[in-house]
Amino acid sequence: MGVGARSVALIMAGTLAAGMTACPNRKAPRETSILGTDQGNLSLVKPDRGVVDPPLLQRPLRLPQLGAGQPCPITKGTTQQGAYELGSGPVRLILDAARDPRGVFHYGSSSLYNRFRLLAARWIVEPSARGAIFLHGERLDANQGIWFLPTVGSRNMYRATAVGQLPVIEIFRWLLLPSQNAGSRARALDGGTATRGPGCFGIQADGAGFSSVIVFRLER
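Quick note: the sequence shown uses the working numbering, first residue 6, plus one each step.
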């Protein structure tokens, strides 16, 4: 199975698990479109509009600024148990994509969902990262965002529906990872990323007492 097919298969399995585990006995809240966010068939909505956002969500993005022709400042990482983990902070990222000697990830022939490339991802969270963790980001070399697929227990904000091959897959502009339980081992949360085309992407992970940035380049 190629990288693209494996990513989509993992995404579907993770999305189903997240939907079945997050709130099994809770009725879905009424969702309302946010003014000024309609993007044609990407009409963003914010679930749980009645829930007060934690101060964590007010932290601004502080990603590297790229000038014309500047290279993507790819974040260094380490190989752990056969997987390459981007970043060195309490939150690290594993992408299900081939990585070349330059550190660039390749989506290959993965399927397009409404012009989005979906890649399975895994978030490695150290025990020191207590409390919820806010994930948000941007594309650094163009005026585009980066989107996320939910993890089990995550709070998912600003939804878009990426319609392609069935079944329909929902992606989110922000993700709030669940609080860490007491323990001495890192946890791994399965999810995914959604991007439009190749480019340089930055993700900021904000938590209690820390803010870390992961930058990666994605090409075909």
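Quick reminder that beta carbons are idealized off the backbone N, C-alpha and C, glycines included.
Per DSSP, residue i is paired with what?
i, result
"residue 209", "141, 218"
"residue 89", "84"
"residue 131", "BP columns for residue 131 are empty, so no partner."
"residue 3", "Outside the displayed span of the chain (6 to 225) sits residue 3, for which this structure offers no information."
"residue 163", "DSSP output for residue 163 lists no bridge partner at all."
"residue 200", "122"
"residue 192", "130"
"residue 97", "129"
"residue 117", "122"
"residue 238", "Coverage of the chain is limited to positions 6 through 225, which leaves residue 238 absent and any answer about it impossible."
"residue 103", "111"
"residue 176", "165"
"residue 68", "According to DSSP, residue 68 bridges with nothing at all."
"residue 223", "110, 204"
"residue 181", "139, 160"
Are there 16 or more other CB atoms within 10 angstroms of the CB of residue i, so buried, or fewer, so exposed?
i, result
"residue 159", "buried"
"residue 95", "buried"
"residue 207", "buried"
"residue 130", "buried"
"residue 86", "exposed"
"residue 73", "exposed"
"residue 210", "buried"
"residue 220", "buried"
"residue 148", "exposed"
"residue 37", "Only weak support exists for where residue 37 lies, its pLDDT of 35 falling under 50; the value from the coordinates is given anyway. Under this definition residue 37 is an exposed residue."
"residue 213", "exposed"
"residue 66", "exposed"
"residue 225", "exposed"
"residue 134", "buried"
From residue i to residue j, what does the alpha carbon distance come to, in whole angstroms?
i, j, result
"residue 79", "residue 144", "13 Å"
"residue 30", "residue 146", "Note on residue 30: pLDDT 33, under 50, position unreliable in the model; no value is reported."
"residue 69", "residue 163", "24 Å"
"residue 136", "residue 62", "13 Å"
"residue 124", "residue 203", "13 Å"
"residue 84", "residue 120", "31 Å"
"residue 223", "residue 104", "9 Å"
"residue 127", "residue 100", "7 Å"
"residue 88", "residue 64", "30 Å"
"residue 114", "residue 102", "11 Å"
"residue 175", "residue 76", "31 Å"
"residue 132", "residue 180", "19 Å"
"residue 97", "residue 166", "26 Å"
"residue 173", "residue 117", "12 Å"
"residue 91", "residue 161", "23 Å"
"residue 177", "residue 122", "14 Å"
"residue 93", "residue 150", "23 Å"
| said: Below 8 Å, how does it come out for the segment 182-202 and the segment 141-161: are there three or more Cβ pairs, yes or no? | reply: Counting Cβ pairs under 8 Å, three or more are found: they touch.
| task | Taking 8 Å as the threshold, find out whether the segment 103-116 comes into contact with the segment 180-190 through three or more Cβ pairs. | result | The segment 103-116 vs the segment 180-190: no contact.
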